[in-house]
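Visitor:
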């Protein structure tokens, strides 16, 4: 047995020095550990399972109120004498007689403002309303241009409100009123001529044949004809059809009608000398009496154009009541607003192939309007484009149109737009 014990002693390995737990903690903390997906940490593996969570309550982070010696707030060094002087200057403490005089003078001013000023305003309104028929002046202005030439922005700036299609006239069923501007004894009606475009050969474009023919037939009905085009687009991407339209209208002489050429969107042109180049290109056309460089959006040059139109007004009774917005006018406004938003968000030829209908119009008891319109597309692919992903496009069109209608009608509007196939 003694020999066996000696053999065990010789064959056994030397014992290692025992390591305390602090050493293991420091050693493993300094070595990169590999993730073991088969092992889920328990409360014993990590201290209460909170190693992967940062919680500021586990650390001694000093706060403003945890300083060993909290700062004592300084008391304001304010003298009572200064306070009394400030009260006299700021609050204007005066004697009772002064307060009585001040209150009486204030009451007198308020009484004068309440009695005199409204009467002056009423006199001005009466002067506007009492324009005799024999003193009235009127002018009809037709606007021709591409859909993106800025006709709506120009008329909107002149009229001072949202451009809209007013009820059609019995004698001019082929054109619509964009807006009406009434100043003093003069009223100017702006008419749109939709669909006038030319092919590359200078002939009327074959698409939308009915609208094109009706628009061309109504050109000569206006006192003044404005041919408007986007000068920025003309400099960057000139369109032969727009150039043909400008030259054709400028080459036609009219014994009564006056025609002007408007270069719109000059605010988008960086080099202003390019505007002179464009003006030089069309200056020899005999059909135009005047040339205007304008920005319908910013208003640059619009004042001169407005004054020119006011000077061309003739003795004639007004065609529109400037103080009444009928239900038919409001219906057409709602259609026009949605149509403009449609042109902004849906491009190429898709908007022109969409049939736009007003299905329902109700004035609710709370004074709000419920408007339902249908957008009818001939193809399923066009319907998908108009609706957008998860209805984002038609939703955006509806939100913008609804907000604009609320600002025009000054009341709540519930707009419903439905897209369906023909």
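Residue numbers (UniProt numbering): 1 to 422. Where is the CB? At the ideal position from N, CA and C, for every residue including glycine. Bear in mind that the values here come from a model prediction, so they are computed numbers and not experimental data.
Expressed to the nearest angstrom, what Euclidean distance is found between the alpha-carbon atoms of residue 181 and residue 188?
Guide: Cα to Cα, the separation comes out at about 5 Å.
Visitor: Do residue 309 and residue 294 have their C-beta atoms within less than 8 Å of each other?
Guide: No. Outside cutoff.
Visitor: Which same chain residues, not among the five before or five after residue 117, have their C-beta less than 7 Å away from its C-beta?
Guide: A caution first: residue 117 carries a pLDDT of 44, below 50, which makes its placement in the model too unreliable to give a value.
Visitor: List in chain order: all unbroken alpha helix (DSSP H) runs of 4+ residues lying wholly within the segment 215-284.
Guide: Runs of the alpha helix (DSSP H) inside the segment 215-284: 231-236, 240-251, 273-282.
Visitor: Following the continuous alpha helix (DSSP H) through residue 307, name the residue where it begins and the one where it ends.
Guide: Its alpha helix (DSSP H) spans residues 302-311.
Visitor: Tell me whether the beta-carbon of residue 275 lies closer than 8 Å to the beta-carbon of residue 266.
Guide: Cβ distance < 8 Å, so residue 275 and residue 266 count as in contact.
Visitor: What whole-angstrom Cβ distance do residue 185 and residue 131 have, given they're in contact under 8 Å?
Guide: Between residue 131 and residue 185 the Cβ distance is about 5 Å, and since that is below 8 Å, they are a contact.
Visitor: Would you say the beta carbon of residue 224 is closer than 7 Å to some non-hydrogen atom of the ligand SAM?
Guide: Judged by which ligands are present, the structure shown has none, so any question about the ligand SAM falls away.
Visitor: Report, in whole angstroms, the separation of the C-beta atoms of residue 296 and residue 229, which I expect to be a contact under 8 Å.
Guide: Going by Cβ atoms, the distance from residue 296 to residue 229 rounds to 12 Å, so no, they are not a contact pair.
Visitor: Determine the direct distance from the alpha carbon of residue 155 to that of residue 135, and round the result to whole angstroms.
Guide: Rounded to the nearest angstrom, the two C-alpha atoms are 25 Å apart.
Visitor: Since residue 386 and residue 419 are thought to touch, with beta carbons under 8 Å apart, how far apart are those beta carbons, to the nearest angstrom?
Guide: Indeed they touch by this definition, with Cβ atoms about 5 Å apart.
Visitor: Can you tell me whether DSSP reads residue 362 as helix, strand or coil?
Guide: DSSP places residue 362 in strand when its eight states are reduced to three.
Visitor: From residue 364 to residue 370, what distance separates their C-alpha atoms?
Guide: Roughly 7 Å separates the two Cα atoms.
Visitor: Per DSSP, which one or two residues make a beta bridge with residue 386?
Guide: In the DSSP output, where bridge partners are listed per residue, residue 386 has none listed.
Visitor: For residue 204, does the three-state DSSP call read helix, strand or coil?
Guide: With a pLDDT of 46 at residue 204, under the threshold of 50, the modelled position of that residue is not reliable, and the figure given next carries that caveat. Three-state DSSP puts residue 204 in a strand.
Visitor: Whole angstroms is fine: what's the gap from residue 380's alpha carbon to residue 422's?
Guide: Rounded to whole angstroms, residue 380 to residue 422 spans 9 Å at the Cα level.
Visitor: Would the segment 329-340 count as touching the segment 387-395 if we require 3 or more Cβ pairs under 8 Å?
Guide: Touching, no, given that fewer than three Cβ pairs across the two stretches are closer than 8 Å.
Visitor: Throw me the rounded Cβ distance for the residue 179 and residue 159 pair, which I believe falls under 8 Å.
Guide: Right, the Cβ-Cβ distance comes to about 4 Å (below 8 Å), so this counts as a contact.
Visitor: For residue 403, I'd like the list of residues in its chain whose CB is within less than 7 Å of its CB, leaving aside the five on either flank, ordered along the chain.
Guide: Closer than 7 Å at the Cβ level, and outside the excluded window around residue 403, lies no residue.
Visitor: What does a CB cutoff of less than 6 Å around residue 355 pick up in its chain, not counting 5 residues either side in sequence?
Guide: So the list reads 376, once near-sequence residues are dropped.
Visitor: Can you list, in chain order, the residues of its chain whose CB lies under 8 Å from that of residue 285, leaving out five sequence neighbours each side?
Guide: Within the same chain, residue 285 has close Cβ partners 246, 247, 250, 251, 261.
Visitor: Which residues does DSSP list as the beta-bridge partners of residue 336?
Guide: DSSP, once it has assigned bridges, lists no residue as partnering residue 336.
Visitor: Would you say residue 149 and residue 314 are within 8 Å of each other, going by their C-beta atoms?
Guide: Cβ distance not < 8 Å, so residue 149 and residue 314 don't count as in contact.
Visitor: Count the other CB atoms within 10 Å of the CB of residue 373; is the residue buried (16 or more) or exposed (fewer)?
Guide: Counting Cβ neighbours within 10 Å, residue 373 comes out buried, since at least 16 surround it.
Visitor: So which of 227, 339, 269, 183 has the shortest CA-CA distance to residue 243?
Guide: Nearest C-alpha to residue 243: 227.
Visitor: Can you say whether residue 287 is buried or exposed, counting buried as having 16 or more other CB atoms within 10 angstroms of its CB?
Guide: The residue in question, residue 287, is buried, as its Cβ has 16 or more Cβ neighbours within 10 Å.
Visitor: Considering only the alpha carbon of each residue, which of 147, 133, 307, 104 lies closest to residue 344?
Guide: Nearest option by C-alpha distance: 147.
Visitor: Looking at C-alpha atoms only, which residue of 300, 272, 258 is the closest neighbour of residue 311?
Guide: Nearest C-alpha to residue 311: 258.
Visitor: Taking the alpha-carbon of residue 133 as reference, which of 140, 321, 233 has the nearest alpha-carbon?
Guide: Comparing Cα positions, the closest option is 321.
Visitor: Taking residue 336 as the reference, which of 307, 221, 153 has the closest Cα?
Guide: Taking only the C-alpha atoms, the option nearest residue 336 is 153.
Visitor: Measuring CA to CA, which of 270, 342, 334 is closest to residue 361?
Guide: Nearest option by C-alpha distance: 334.
Visitor: Could you please give the first and the last residue of the uninterrupted alpha helix (DSSP H) stretch that includes residue 406?
Guide: Run containing residue 406: 392-409, per the alpha helix (DSSP H) assignment.
Visitor: Taking the alpha carbon of residue 384 as the reference point, which residue from 232, 235, 271, 346 has its own alpha carbon closest?
Guide: Nearest option by C-alpha distance: 346.
Visitor: Roughly how far, in whole angstroms, is the beta-carbon of residue 302 from the beta-carbon of residue 269, given that I think they are within contact range, below 8 Å?
Guide: With 8 Å as the limit, residue 302 and residue 269 do not qualify as a contact, their Cβ atoms being about 16 Å apart.
Visitor: Could you tell me which residues DSSP puts in a beta bridge with residue 180?
Guide: 189.
Visitor: Measure from the alpha carbon of residue 399 to the alpha carbon of each residue in 409, 410, 389, 416, then state which is nearest.
Guide: Closest by alpha carbon: 416.
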